[in-house]
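A short write-up of the structure that comes next.
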């Protein structure tokens, strides 16, 4: 488990370490530093790596901190590699792949919590079993937060409190996490004393 | 009782809600002793004394029509307060059946249910509703079954699906909540949706409660109390609308606290459902003003001691830490230090 994500509550997801598994095919989705987890995963397959890569699709998105390790993943020479600038752009392709999935498809997700959470949600919505999905956290700890008031999602939240990018309220970031929204919850911090907003602290990097 | 039993009152704007002397006498005061800490505290939901809130399976009281009007307004402003994941429709029918049969049996002057095979006719006199529909056929009702019946029943409701040795909060009607969001929590497992509660996880409360509930039997419902504090008689203290009701917490004084501060008690019950094997969880909120509550000397003494001694983390989680000292100051006037008798029933002096 990652020390930088410790000490939180029971709705918070826990992440593991990606391990090669037998499967009819392999789907790897990563962002930012998550590329390193994919490279390590393939290395861990040893002699089976070539066979695994011949049945692997990779979708990669640069991290919210700007980290772009596309070259490392492209160099793996997987059966297919696709790079998108953000999750929304990758999503239609990901959903198509998930919808076309055969029994036995193995899914590997690595990188930030926002990427892992959204891809996991899309995999479950497509009807894939939890047991087929592995996750590994790497890279930026910025959060994807849903404003409980206006329901708008703010991506890549770095500070606590922060200003909702939709309604403008000052929100504090709870550890309470919804897999369905793939987001943490943001709640108005100065509701009881409007205007009394503590200074923003950089909690997520 | 006739239909004039039901009061016309508001839970917003001019806040005309109040309890009659009879409603105060039957109020479900949640503290059986002079202190409070979390516990699983579940007991069989069996019929209680005549006139008590336990007399019937689903208590219908003088606030019924006004509460249903408030619910309709909440849903108009935010339809996401009522949601049901696609696999929960059958559980919704189970709930509709449970409520209609209970109310028709317990309150025959107000509610009737007539069945001819799957052709049912439901009469709700207080709300002036007469509806004929086909049981298990959604297209014959104006809303889904859970929404239809819970627009006519006091209290919030959630429906828990049972699978993988867990309970999943997969449907709900939530408009009178103590600051939690159905839209955020829907789909969560038992420990996930309770995640923000302090201390109770470490005490093992949720592990024990889940183990107990997974074995809940059809026809053997259970109940427990929960409680919090609410400034002004607002049913809809949701996180969604927190910016609207939050500021009121900063306006209490020793002069107005008796009238504006309310103890909010949830009578929660849990019912196994027959077809879906889901669990229905009604969360019925009762509000009482401090000035109403202190008319019962035993309750006044006890509430003073509970609020004074409650763990600050609980007061924070329940959202009243900032006013705790003021509450204690107000309530101390009614505590002469005399011992209180066990149990929560009021006693005349």
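Residue numbers (our numbering), protein chains in the order written: chain Y, 1 to 205; chain C, 1001 to 1349.
Note that the Cβ used here is the ideal one computed from N, Cα and C, for glycine as well.
CA nearest to the CA of residue i, picked from the options
| i | options | result |
| --- | --- | --- |
| residue 201(Y) | 191(Y), 181(Y), 184(Y), 173(Y) | 173(Y) |
| residue 54(Y) | 45(Y), 187(Y), 86(Y), 62(Y) | 45(Y) |
| residue 186(Y) | 1164(C), 1199(C), 1189(C), 1181(C) | 1181(C) |
| residue 994(C) | 1140(C), 1316(C), 1343(C), 1048(C) | Residue numbering for chain C in the displayed model covers 1001 to 1349; residue 994(C) lies beyond these limits and cannot be assessed. |
| residue 1218(C) | 1019(C), 1277(C), 1073(C) | 1277(C) |
| residue 1129(C) | 1135(C), 1314(C), 1007(C), 1142(C) | 1142(C) |
| residue 144(Y) | 117(Y), 35(Y), 42(Y) | 117(Y) |
| residue 1061(C) | 1022(C), 1097(C), 1252(C), 1311(C) | 1022(C) |
| residue 1020(C) | 1307(C), 1293(C), 1335(C), 1318(C) | 1293(C) |
| residue 114(Y) | 80(Y), 79(Y), 62(Y) | 62(Y) |
| residue 1098(C) | 1330(C), 1063(C), 1347(C), 1113(C) | 1113(C) |
| residue 1224(C) | 1312(C), 1031(C), 1338(C) | 1031(C) |
| residue 1094(C) | 1149(C), 1323(C), 1121(C) | 1149(C) |
| residue 1196(C) | 1344(C), 1091(C), 1314(C), 1074(C) | 1314(C) |
| residue 10(Y) | 177(Y), 18(Y), 72(Y), 192(Y) | 177(Y) |
| residue 1131(C) | 1004(C), 1100(C), 1238(C) | 1100(C) |
Separation of residue j from residue i, as counted between CA atoms
| i | j | result |
| --- | --- | --- |
| residue 1186(C) | residue 1169(C) | 5 Å |
| residue 1262(C) | residue 1290(C) | 6 Å |
| residue 1283(C) | residue 1264(C) | 12 Å |
| residue 1108(C) | residue 1296(C) | 32 Å |
| residue 194(Y) | residue 1247(C) | 7 Å |
| residue 1340(C) | residue 1226(C) | 21 Å |
| residue 1028(C) | residue 1053(C) | 7 Å |
| residue 1273(C) | residue 47(Y) | 53 Å |
| residue 239(Y) | residue 1002(C) | Past the edges of chain Y, shown from 1 to 205, lies residue 239(Y), and the structure says nothing about it. |
| residue 1072(C) | residue 107(Y) | 44 Å |
| residue 224(Y) | residue 110(Y) | Beyond the ends of chain Y as shown, which are 1 and 205, falls residue 224(Y); an answer cannot be given. |
| residue 1017(C) | residue 1233(C) | 7 Å |
| residue 1320(C) | residue 1145(C) | 36 Å |
| residue 3(Y) | residue 1220(C) | The predicted position of residue 3(Y) is uncertain, since its pLDDT is 49 and thus under 50; a value taken from the coordinates is nonetheless stated next. About 45 Å. |
| residue 1077(C) | residue 188(Y) | 19 Å |
| residue 1103(C) | residue 1049(C) | 17 Å |
| residue 120(Y) | residue 105(Y) | 14 Å |
| residue 39(Y) | residue 1241(C) | 46 Å |
| residue 1316(C) | residue 1210(C) | 25 Å |
| residue 1267(C) | residue 1327(C) | 23 Å |
| residue 1173(C) | residue 1068(C) | 12 Å |
| residue 1(Y) | residue 16(Y) | In this predicted model, residue 1(Y) has a pLDDT of only 41, less than 50, meaning its place in the structure is not dependable; the value taken from the coordinates is given anyway. Taking the straight line from one Cα to the other gives about 6 Å. |
| residue 1059(C) | residue 1153(C) | 9 Å |
| residue 1342(C) | residue 1285(C) | 23 Å |
| residue 1200(C) | residue 82(Y) | 46 Å |
| residue 96(Y) | residue 1311(C) | 52 Å |
| residue 1338(C) | residue 1041(C) | 26 Å |
| residue 180(Y) | residue 1124(C) | 37 Å |
| residue 56(Y) | residue 149(Y) | 41 Å |
| residue 206(Y) | residue 88(Y) | For chain Y, the structure presents residues 1 to 205; residue 206(Y) sits outside this window and is missing. |
Where the alpha helix (DSSP H) containing residue i begins and where it ends
| i | result |
| --- | --- |
| residue 1322(C) | Segment: none, residue 1322(C) is in no alpha helix (DSSP H) and carries neither H nor E. |
| residue 120(Y) | 113-125 |
| residue 1090(C) | 1089-1106 |
| residue 1150(C) | 1145-1150 |
| residue 1299(C) | 1297-1309 |
| residue 42(Y) | 34-44 |
Residue i, enclosing beta strand (DSSP E) - first and last residue
| i | result |
| --- | --- |
| residue 1196(C) | First-last for residue 1196(C): undefined, no H or E at that position. |
| residue 1242(C) | First-last for residue 1242(C): 1242-1245, but that is the alpha helix (DSSP H), not the beta strand (DSSP E). |
| residue 1072(C) | No beta strand (DSSP E) holds residue 1072(C); the alpha helix (DSSP H) holding it covers 1064-1077. |
| residue 1171(C) | 1166-1173 |
| residue 1161(C) | 1156-1163 |
| residue 31(Y) | 25-31 |
| residue 1115(C) | 1111-1116 |
| residue 91(Y) | From DSSP, residue 91(Y) is part of no beta strand (DSSP E) but of the alpha helix (DSSP H) over 87-99. |
| residue 1120(C) | 1119-1124 |
| residue 155(Y) | 153-157 |
| residue 1134(C) | 1129-1134 |
Next item on the list: Determine contact between the stretch 1299-1311 of chain C and the stretch 1163-1182 of chain C, defined as no fewer than three beta-carbon pairs at a distance below 8 Å.
Entry: no
Next item on the list: Check whether the stretch 162-177 of chain Y touches the stretch 121-131 of chain Y, taking contact to mean three or more Cβ pairs, one atom from each stretch, closer than 8 Å.
Entry: no
Item checked: Length-filtered (3 minimum) beta strand (DSSP E) runs lying within the stretch 172-196 of chain Y -> 183-188
Item checked: Unbroken stretches of the alpha helix (DSSP H), 4 residues or longer, contained in the stretch 48-82 of chain Y -> 49-53, 70-74
Notebook entry, point to check: Quick check: the stretch 138-146 of chain Y against the stretch 62-74 of chain Y, are there 3 or more CB pairs under 8 Å?
Noted result: yes
Checklist line | Inside the stretch 1269-1295 of chain C only - beta strand (DSSP E) runs reaching at least 3 residues | finding: 1279-1289
Checklist line | Segment contact flag, the stretch 1249-1260 of chain C with the stretch 1031-1040 of chain C, C-beta cutoff 8 Å, min 3 pairs | finding: no
Check: Are the stretch 1012-1024 of chain C and the stretch 1191-1198 of chain C touching by the rule of at least three beta carbon pairs closer than 8 Å?
Finding: no
Next item on the list: Determine contact between the stretch 95-113 of chain Y and the stretch 12-25 of chain Y, defined as no fewer than three beta-carbon pairs at a distance below 8 Å.
Entry: yes
Checklist line | Three-pair Cβ contact test at 8 Å for the stretch 1155-1172 of chain C versus the stretch 1198-1215 of chain C | finding: yes
Checklist line | Segments of 3+ residues assigned as beta strand (DSSP E) that fall wholly inside the stretch 1203-1245 of chain C | finding: Note on the stretch 1203-1245 of chain C: whole beta strand (DSSP E) runs with a minimum of 3 residues are 1222-1231, in chain order.
Next item on the list: Could you name each continuous alpha helix (DSSP H) segment of 4 residues or more that falls completely within the stretch 1008-1040 of chain C, going from the start of the chain to the end?
Entry: 1021-1025
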